[in-house]
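Just below is one structure, and these are the notes that go with it.
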Amino acid sequence: MRLFPLPLLSHVRGLVLRTPSPRMYAVPSLAFTNSTVSHSDQSKEGNFDDVKSLELNEVGVLRVLTTMRDDPYLALSFLKRIEGNGGLPSVSAYAAVIRIVCSWSLDEKLSCLFVGMIRKGEEKCGFSVVDLLNVIGDAEEDEKLCFLLLSRVSSALVKAYVEIEMFDEAIELFRGIEELGWDADAYTYVVVVNALFRKGDSEGVEKFLRKLVSLETRKHCVFYMDLIEGLCGNEMSRVGYILLKPLREANILVDESDLAVAYGRVIRGLCNEMKLEEAERALLEMEECGIDPDVCVYSAIIEGHRKNMCFSKALRFFNNRKDLQGKRIINPVIASSILQCCCQMGEFSEALDRFVDFRNMNIPLDRFCYNVAFDALIKLGKVDKAIELFREMTCEGISPDVVNYTTLIGGCCLHGRCVEALDLIIEMDKEGKPPDIVTFNVLAGGFARNAADASDILKLMEDRGVKPSSVTHNMVIQGLIVAGKIKEAEALYQEHNKSGGNVAGIVKGYCEAGRLDKAFERFIKEEFPLPKSVYFTLFTSLCAAKDKNHIDKAQKVVERMWELGVEPGKSMYGKLIGAWCRVSDVGKAEKFLKAMKRREITPDLFTYTILIKTCCRLNKLEQADDFFRDMKKRGIKPDVVTYTVLAKNNPKIDKDMKACDVKPDVFYYTTMINTYYRLNNENKACALVQEMKKGGIVPDVVTYTALIDNYYRLNNKKRASDIFQEMKRRRILPDVVTYTVLLNHNPELDKKKEMKALGIKRDVHYYTVLIHHKCKIGEVEEAKRIFQEMKESGVKPDFVSCTALIAGCLRNGYVFDADKFLQEMRENGIEPPTETASKSVVLHTKSKPKRFVSRQRSKKPILRSSGEVQSSLLIS
DNA sequence: CTAGGGTTAG
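For the first sequence, the UniProt record's numbering assigns the number 1 to the initial residue and increments by one for each residue that follows.
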């Protein structure tokens, strides 16, 4: 942790204003005679080489140092040089240098000096730190000056101790300073808090802070502002946050704007440290005190969530803030964060809608916002619109920069519009914003993947003096493979792979082209370590695949990295185990886990949680328990997520969780409550609802939906609809699942309009309930129509929905339709059902593919074969 | 280098 520099503090204290010239090693030989040195002599000649031979006596050294009063760097190097030559500067020499350095406010240098001294040790120095302080003190006659000097020196010493992690010494020394009534500045306090913090002494921190705001030791407002700045600038925003409340209550920050600044700083600090929950809490607190947060606070929180990959949290925050909806205070920074969130979630149309909204609200938008917007258009395949928007931006007076152009050029290339891409390059030249290497790389790669001649672009680059790099070649090679031009890719590879960096393009190209086996084949042949991104791309593609064969290969990638001594990223282990879990092969996962342990790699919380979840899903409860014990044994503390997974099968785990001081949240309670209802223990479930509310945890849509579902299951329609009303009263909007539950228990009530009004799209679950119901009451035509409607609205049928329809057709004698849909299902390679919801189906469909094949081959009348299918499908 | 949790359908 770096404590320096603290620019604001230095500034406030009026430091660093006088900066001596950084002249370091030009040193006069005259210094070694006992005569006085004049400044004009200093640069004349020589160095300190004669120090050893000269046997400078103490008086001599001191006298020389006196002449260096105006040049602290010179004094420092003089001292260093004496030491370097095996000399032993006296305590007085040190004292003299320190006084010089101090008078120039070079606090950092001072600390360095102390660090060196402490490292060297008392023995080797010939004096102790206390000796030194005494000498320094004695040499200053003016009491007031002495006071100041010692304060500053001890502060630097405290800092030095912290820097070499001698926390106790630092704290002790600081207490000494306090007792003597010396004046330590805010910066020193920051250092001491840092020491306590790093020692893990949270009680000490609190005590320290309490004292700091107590009446006897109260300081000036500026001090506290500096303190907060220092804490937040050094990753101790939490401490800064703790400080706010007492400061406010003791009315120390009288000026409201100071309080606003302090809160703002703490919130921004918390966001930087990714402590978003606390940041939001601080924001609430701030508002409760009647302080208006400024726009930077909002953008910090939104951007913090985004960087944390919590996109929906960012959006939720934005949507729920009234003042942000009041449009008044949205600035381009917030706007671009929000747009980017949408894009990173893959919601490109949403991003565009919001962009348009922003624009209609007359919010000033900058080229960052525009860039996200036309990138979104490109991702949606609307290149023309993207170009249009690009032009509009220019009309709005924002002239595009190289990045804007590059985005657009990449977009053109991605959609096969190389000519336009090239036109844009020409335009860039005309506008005096010549393309850089990134632009050219994008263009060359884009040409290649569109089967255009990328070598033209390479030539163009050369002519321009932009030298193609290995990145360029990789992008072209990758593009060629994507375009299916394997031979050309290989040729280019042969030509440029001298440094060995271009397999990347080959492997990535095959990955992108979906030819994972080919990619793996090339990869495994390489004898030498590859760039990390290659391992990662290949590994990720293999992991994402559905069959075990590919996951096996993903594992080989990791093993290869081990062999070659390339450190796989931490996340790769967890991802691989996650992949094995996804295909329900806990055996393989466990085997790999053992290999990890042999390498002394401890699986992390995520990994254990995935394993436990999978075991629970597969009903291997003892094994889940084994993992649970194992993680505890290894000192990995299960968190609320782990407990949620366990609670699904074993609600009694609640005791253990509370014993471990893990706080339940709304997810956890929802699971628990649901589990107890399923176990027919309504009392316990109700008790939990109360406990949750008492604990200040607010039930959300999911909780309410679960409650509604469970009361319908208990045949208590009244209670179910009461809960639905309560939910509405609390302004918690139902979602598609809520409506699915309602529909499932009241199949006649398709609340199509109501949903539309709320902007809720019907999903595959919802349609399935509809289809199933229509089939059940014999309205197969209607079911077919709904199935069609579903497809037309862009909702992909899945295994369950198809099965429902086919079964319904068969049951009602629509044999031809059943066959038609069956075939359609096969053609679409319908994904197998996922997760627990369809566990029973998985079990029953294991033998299904065979039957499908035999049916196809036999070409016998549909009736018979459908009968076969029927037997496997109609198990309820 | 975006890995883990809650509610719904046959």
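Heads up, the beta-carbon is just placed ideally off N, CA and C, and yes, glycines get one too. Please read all numbers here as calculations on a predicted model, not as lab measurements.
I need the DSSP call for Cys102, collapsed to helix, strand or coil.
Reduced to three states, the DSSP call for Cys102 is helix.
Less than 8 Å separating the beta-carbons of Ile291 and Cys271?
Between Ile291 and Cys271, the gap from beta carbon to beta carbon reaches 8 Å or more.
What residue range does the alpha helix (DSSP H) around Arg281 cover?
That run of the alpha helix (DSSP H) goes Leu276 to Glu288.
Kindly indicate the opening and closing residues of the alpha helix (DSSP H) around Asp481.
Checking the sequence, you will find Ile at residue 481 rather than Asp. Per DSSP, Ile481 is one residue of the alpha helix (DSSP H) stretching across Ser470 to Val482.
Quick check: Ala386 and Leu408, are their CB atoms within less than 8 Å of each other?
Pairing Ala386 with Leu408 gives a Cβ-Cβ distance under 8 Å.
Output yes or no for whether 8 Å exceeds the beta carbon distance between Asn674 and Ala706.
Remark: C-beta atoms of Asn674 and Ala706 approach each other more closely than 8 Å.
Does the structure place the stretch 480-487 close enough to the stretch 495-513 that three or more beta carbon pairs sit under 8 Å?
With a cut-off of 8 Å on Cβ pairs, the stretch 495-513 is in contact with the stretch 480-487, counting three or more such pairs.
Consult DSSP for Arg731 and reduce its assignment to one of helix, strand or coil.
Annotated three-state conformation of Arg731 is coil, per DSSP.
Can you give me the Cβ contacts of Phe348 inside the same chain, cut-off strictly under 6 Å, excluding the 5 residues immediately before and after it?
Cβ within range, chain order: Ala376, Lys379 and Leu380.
Leaving out five residues on either side along the sequence, give the residues of the same chain with a beta carbon under 6 Å from the beta carbon of Arg623.
Per the sequence shown, residue 623 should be read as Gln rather than Arg. Excluding sequence neighbours, Gln623 sits near Cys615.
Would you decide whether Ile82 is buried or exposed? Buried here means 16 or more other CB atoms lie within 10 Å of its CB.
Buried, because 16 or more other Cβ atoms sit within 10 Å of the Cβ of Ile82.
Suppose the cutoff is 7 Å on Cβ atoms and the five residues either side in sequence are ignored; what does the same chain contact list for Val471 look like?
Result list for Val471: Asn441, in chain order.
Met117 (DSSP reduced to helix, strand or coil)
Looking at Met117 - three-state DSSP - the assignment turns out to be helix.
Going by DSSP in three states, Cys660 sits in which element: helix, strand or coil?
It is coil, neither helix nor strand.
Per-residue burial, Phe816 [other beta carbons within 10 Å of its own, 16 or more giving buried]:
Exposed: under 16 other Cβ atoms inside 10 Å.
Just to confirm, are Val645 and Ile612 a CB contact at a threshold of 8 Å?
The answer is yes: Cβ separation under 8 Å.
Relative to the C-alpha of Pro468, which candidate in Lys753, Asn450, Asp131 and Leu443 has its C-alpha closest?
Of the residues Lys753, Asn450, Asp131 and Leu443, the one whose Cα lies closest to the Cα of Pro468 is Leu443.
So, are the CB atoms of Val158 and Phe147 less than 8 Å apart?
No, Cβ-Cβ distance for Val158 and Phe147 is not below 8 Å.
Skipping 5 residues on each side, what residues in its chain have a beta carbon closer than 8 Å to that of Ile486?
Leu480, listed in sequence order.
When DSSP labels each residue in this structure, what does Thr602 get in the three-state scheme?
In this structure, Thr602 counts as coil in the three-state DSSP scheme.
Beta carbon of Val190 nearer than 8 Å to that of Gly230
Contact flag set, yes.
Under a Cβ-count criterion, where at least 16 other Cβ atoms within 10 Å of its own Cβ denotes burial, should Gly808 be classed as buried or exposed?
By the C-beta density criterion, Gly808 is buried, having at least 16 other C-beta atoms within 10 angstroms.
Using DSSP with H/G/I as helix, E/B as strand and the rest coil, what is Asn580?
Sequence inspection shows Trp at residue 580; the Asn mentioned does not correspond to that position. Residue state, collapsed to three classes: helix.
What residue range is occupied by the uninterrupted alpha helix (DSSP H) comprising Ala170?
Counting along the chain, the alpha helix (DSSP H) containing Ala170 begins and ends at Phe167 to Leu180.
By DSSP, does Val701 sit in helix, in strand, or in coil?
Correct three-state label for Val701: helix.
C-alpha gap between Lys382 and Leu389, whole angstroms:
Answer to the nearest angstrom: the Cα atoms are 11 Å apart.
On a CA-only basis, which of Phe627, Tyr608, Ser336 and Met561 is nearest Arg599? Give me that one, please.
Considering only alpha carbons, the answer is Met561.
Do you know how far the Cα of Phe536 is from the Cα of Glu285?
Going from the Cα of Glu285 to the Cα of Phe536 covers about 43 Å.
Check whether the stretch 191-204 and the stretch 139-154 touch, using three or more Cβ-Cβ pairs below 8 Å as the test.
Verdict: no, contact absent.
Cβ atoms of Val701 and Thr670: under 8 Å apart, would you say?
Pairing Thr670 with Val701 gives a Cβ-Cβ distance that is not under 8 Å.
Alpha helix (DSSP H) containing Leu714: first to last residue?
Counted as a single uninterrupted DSSP element, the stretch harbouring Leu714 is not any alpha helix (DSSP H), since DSSP gives it neither H nor E.
Once you ignore the five residues that flank His773 on each side, which residues in its own chain have a CB closer than 7 Å to its CB?
So the list reads Pro747, once near-sequence residues are dropped.
What are the boundary residues of the alpha helix (DSSP H) that includes Pro72?
DSSP places Pro72 inside the alpha helix (DSSP H), whose first and last residues are Pro72 to Gly84.
Have a look at Val16 and Ala544 and give me their C-alpha separation to the nearest angstrom.
Low confidence applies here, because Val16 scores a pLDDT of 25, under 50, leaving its location unreliable and the question unanswered by this model.
Taking all protein chains shown into account, decide if Arg417 is buried (16 or more other Cβ within 10 angstroms of its Cβ) or exposed.
The residue is buried, with at least 16 neighbouring Cβ atoms inside 10 Å.
Which residue wins for smallest C-alpha separation from Val460, given the options Pro434, Ala451, Asn450 and Ile477?
Here the sequence assigns Leu to residue 460, which means Val is not the residue at that position. Ranking Pro434, Ala451, Asn450 and Ile477 by Cα distance to Leu460 puts Pro434 first.
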